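First up is the structure itself, then whatever we jot down about it.
Structure, rendered in structure tokens:
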């Protein structure tokens, strides 16, 4: 582990563009911009952020705004803004929770459900192009590494919260 730490220190000092955090951030930004371009090329008025919310709702409709914030790693203000836009576009709607009047549950409209047929193939095609050069083992390793990093970040957040 000490050798890894020394190697990371060297990367940050001598070549920050090779630092894992920079590479992850740069890749995430480029994926987001690429997906936005794909949507625009097809005349779709959906952002990658809205796509993320729709994806969550296609998997589990009726989530609260807090649950959406947790699943998409966005703050509540951002979720509110995205939901306002999805409602304006007629893709989603807020409904009061029957058991807790302070909570809204987010549901897809019929247009929101139908958007899946148009958006999903575009995202799959984009992802297919991005990951085309990765062998199955490389793709699996990428997922494993990203999960380890995220799990470690969760542990560190938990440590800070309990301190």
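In the UniProt record's numbering, the protein residues as written are 1 to 163.
Backbone N, C-alpha and C define an ideal beta-carbon position, used for all residues, glycine too.
Here the structure is a predicted model, which means the values were calculated and not measured.
Taking the CA atoms as reference points, residue 111 sits about 23 Å from residue 71. Non-local C-beta neighbours of residue 82 in its own chain, meaning closer than 7 Å and more than five positions away in sequence, comprise 49, 50 and 53, ordered along the chain.
Partner residues in a beta bridge of residue 152, as assigned by DSSP, do not exist. Per the C-alpha coordinates, the member of 151, 80 and 59 positioned closest to residue 66 is 80.
Taking the C-beta atoms as reference points, residue 116 is found nearer than 9 Å to residue 58. Taking a contact to require three or more Cβ pairs closer than 8 Å, the segment 21–32 and the segment 101–109 do not qualify as touching. Comparing alpha carbon positions, the residue from 18, 134 and 40 closest to residue 119 is 40. Taking C-beta atoms as the reference points, residue 92 and residue 78 fail to come closer than 9 Å. For residue 37, no pairing in a beta bridge is given by DSSP. For residue 89, there is no enclosing alpha helix (DSSP H), as DSSP marks it with neither H nor E. Taking a 10 Å sphere around the C-beta of residue 46, we find 16 or more other C-beta atoms and assign the residue as buried.
For residue 105, the enclosing beta strand (DSSP E) stretches over residues 104–108. Residue 69: member of the alpha helix (DSSP H) spanning 65–72, first to last residue.
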